[in-house]
Amino acid sequence: QYRPLVVHNPDGAPGVPAGQPNDGSVRGSILRNVFTLNPGVSMVFFERLRLAASLPIVLFQDKGTGSTTVRAANGSNVTFAGPQDEQAIGDLRLGLDFRLFGDYDGPFRLAVGSQFWLPTGKQVNYTGDEEFRFSPRIMVAGDVSAFVYAARVSFNYRPERSYGSDAAPTFGSEIGFAASAGVKAGKRFVIGPEVWGSTAVIGDLRGKMATPVEGALGAHYTIPGDIRLGAGIGTGLNGGYGSPQVRALFN
């Protein structure tokens, strides 16, 4: 990922101090380059119940502009420091999903489930909240001829806390969302766009700054033996906290 955690200047906001840009441009990069490995495993039981686990491992990350200071909505100055370590681990994620309706390759499938994060990451490295989190979710997906689609809505519970200096705004639980679509070329190749994001429902921030949204174009190919290779590249679609400049994905 290139500049995955940046701070944007206000975009047309009233009351911006003289001399500070008000055009939504990038003010500073808290993280500049991050290379993350995500090993994981999943198992399916009775063709309906899926259990999964994964652990983000940051193999390398570096600071962008180092500490970045911005003016918060309450008028105080907030400083965001760069990560403490170049290598780190994130929060261990566990998942449980159950398909309620639809066949594996049918036109409509409905599933419910939840993800759970154990506090194995560190806040100083931007790899965890150091608190237990969970996210119940509802998912739909389907295959209609050469067209495939999927969507998800979730509630992401996280204890309310602030990042950066003491005057930083607090972040808490969020509503998450995602949608993707694709076109199949034959039986093995799929290409299409994906959009995902979240919006805070607890904490000091509301609106655009608390609603980071990302978009990506991806593709995957299944080679004989049921081995799937995929890649995608995307960017943040607005200036919300946590919206990156460039995110590249390979699996």
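Take the sequence shown: its letter number 103 is residue 92 in my numbering, and every next letter is one higher. Glycine included, C-beta positions come from ideal geometry on N, C-alpha and C. Just so you know, these numbers come straight off a predicted model, no measurement behind them.
Residue i burial status per 10 Å Cβ neighbour count (16 or more: buried)
i	result
Pro233	buried
Gly225	buried
Glu203	buried
Leu206	exposed
Gly4	Reliability fails at Gly4, whose pLDDT of 47 lies under 50, so the model's placement of it is uncertain and the value that follows must be treated cautiously. Exposed, by the Cβ-count rule.
Arg37	exposed
Ala100	buried
Val30	exposed
Gly175	exposed
Arg126	buried
Tyr93	exposed
Arg217	exposed
Val23	buried
Strand pairing of residue i, partner residues [DSSP]
i	result
Pro125	Ser103
Gln50	Val23
Ile180	Val172, Ala208
Ser187	Gly165
Asp94	Asp94 pairs with nothing; no bridge assigned.
Arg39	Val33, Asp86
Ala298	A question about residue 298 goes unanswered here, because the residues of the chain that appear run from -10 up to 240.
Ser232	Ser232 is not bridged to any residue.
Asp132	Val137
Short Cβ contact (8 Å threshold) for residue i with residue j
i	j	result
Thr200	Asn227	yes
Gln73	Leu48	no
Ser169	Phe144	no
Gly79	Pro45	yes
Phe166	Val190	no
Gly283	Gly102	In the structure as shown, the chain begins at -10 and stops at 240. Residue 283 is therefore absent and cannot be evaluated.
Lys173	Val137	yes
Thr159	Gly117	no
Tyr115	Leu20	yes
Ile180	Gly171	yes
Among the options, the one whose alpha carbon lies nearest that of residue i
i	options	result
Asn240	Thr224, Gly229, Tyr230, Gly219	Gly219
Lys52	Phe90, Phe69, Ala41, Ile46	Phe69
Arg88	Leu81, Tyr115, Ala130, Arg82	Ala130
Asn270	Leu38, Ser18, Ala42	This structure cannot speak to residue 270, because the chain is shown only from -10 to 240.
Gly214	Leu206, Arg177, Ala208	Arg177
Gln104	Glu120, Gly91, Tyr93, Ser124	Ser124
Trp185	Ala140, Val172, Lys173	Ala140
Pro96	Val133, Met198, Arg147	Val133
Asp86	Gln50, Ala135, Phe35	Phe35
Gly221	Gly231, Arg236, Arg39, Phe121	Arg236
DSSP three-state assignment for residue i, whether helix, strand or coil
i	result
Gln76	coil
Gly4	With a pLDDT of only 47 at Gly4, under the threshold of 50, the placement of this residue in the model should not be trusted, and no figure is reported.
Ala199	helix
Asn227	coil
Asn114	helix
Leu44	coil
Gly219	strand
Asn145	strand
Gly192	strand
Heavy atom of the ligand ATP within 7 Å of residue i beta-carbon
i	result
Arg98	Only the bare structure without any ligand can be found here, which leaves the ligand ATP out of the picture.
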